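Asks: Residues in the sequence shown are numbered from 15 upward in steps of one, following the working numbering. Think of the CB as a built atom: it goes at the ideal place given N, C-alpha and C, for glycine as much as any other residue. Being a predicted model, the structure only gives us computed values, none of them experimental. Starting off with a structure, shown below.
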Amino acid sequence: MASSHPVLCPDGKYRWVYDVPMLINPSILFDVYWVLAISFAIVYLFNMVIMCCTGDASLEMAWNFLEMFVLLTLFFFVLGYVAYFFVAWYYGWKYSVLFVMDEKEVVHKQLKSTIHKARTIGKLTAMAGAASGKPGMVGMGILAATRTSMTTTLSGVRRVIPCRRMNLIKVNQLLSRNRVYCADEDFDFVYQFLCDHCPNAKKKK
């Protein structure tokens with residue numbers, strides 16, 4: 015499992031790349047299941063409210079409706095696992111991410127390919143010893159190697175949850191959840207940095 019350590023770049027931001035082994039680390043799959051569960055719960059409750067408002071609700075109907083939703087949920091959970099397996103295969107069994115972190119925000123950027131990942135690590139290594147007169151230009155080349163990204167402002171974070179066994183730190187806002195991955199040897203540093211700069215968050219040990 016290839017990974018690089020957080021590198022302090024000339025613009026004052028830490029950057030590192032991490033490969034999530036998708037078949038070994040189930041954290042992404044758990045997030046998919048969580049979204050599915052919430053979606054089905056909302057649909058179920060919405061339909062129950064409609065039946066109550068129209069006067070069609072009864073204990074037997076509610077039970078039959080629940081059974082149908084449980085079976086439907088199980089079907090989609092299996093379908094979700096199959097879809098996840100094919101996505102993992104498409105990604106080469108690894109989810110490669112570039113992280114950018116400073117005192118104000120943390121950014122999660124999905125890399126397009128392993129080739130881009132290798133190039134990004136090379137650029138980070140070069141940045142480690144670089145002195146730049148234009149800090150704003152640092153990392154511009156890396157942005158071209160990313161596909162999707164999620165930015166979390168640390169002042170708005172409500173909870174910081176460490177999941178050491180999955181090399182994962184959950185950075186949760188009210189309506190968004192960012193996922194920060196790092197190697198074992200960097201876990202304490204990254205977690206403590208996030209805790210120190212999320213003043214409004216509840217922290218778990």
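1. Provide the residue(s) that pair with S110 in DSSP beta bridges, ordered along the chain.
2. Could you tell me how far apart the beta carbons of M82 and M75 are, in whole angstroms, since I believe they sit closer than 8 Å?
3. Apart from the five residues just before and just after F54, which ones in its own chain have a Cβ nearer than 8 Å to its Cβ?
4. Please identify the residue among K123, T167, E119, R178 whose C-alpha is closest to the C-alpha of V111.
5. According to DSSP, is E117 helix, strand or coil?
6. Let me know the secondary structure DSSP gives Q187 once reduced to three states.
7. In angstroms, rounded to a whole number, what distance separates the CA positions of F79 and L50?
8. Just to confirm, is the Cβ distance from Y205 to I183 under 7 Å?
9. Contact check, Y118 vs T167 under 8 Å by CB: the rounded distance?
Replies: In short:
1. Looking at the DSSP assignment, S110 forms a beta bridge with D33.
2. With 8 Å as the limit, M82 and M75 do not qualify as a contact, their Cβ atoms being about 11 Å apart.
3. Non-local C-beta neighbours of F54 in its own chain, meaning closer than 8 Å and more than five positions away in sequence, comprise F83, L86, T87, F90, ordered along the chain.
4. Per the Cα distances, K123.
5. Three-state result, E117: coil.
6. Looking at Q187 - three-state DSSP - the assignment turns out to be coil, as it is neither helix nor strand.
7. Rounded to whole angstroms, F79 to L50 spans 18 Å at the Cα level.
8. Going by C-beta atoms, Y205 is nearer than 7 Å to I183.
9. Sequence inspection shows Lys at residue 118; the Tyr mentioned does not correspond to that position. Rounded, the Cβ-Cβ distance is 7 Å, consistent with contact.
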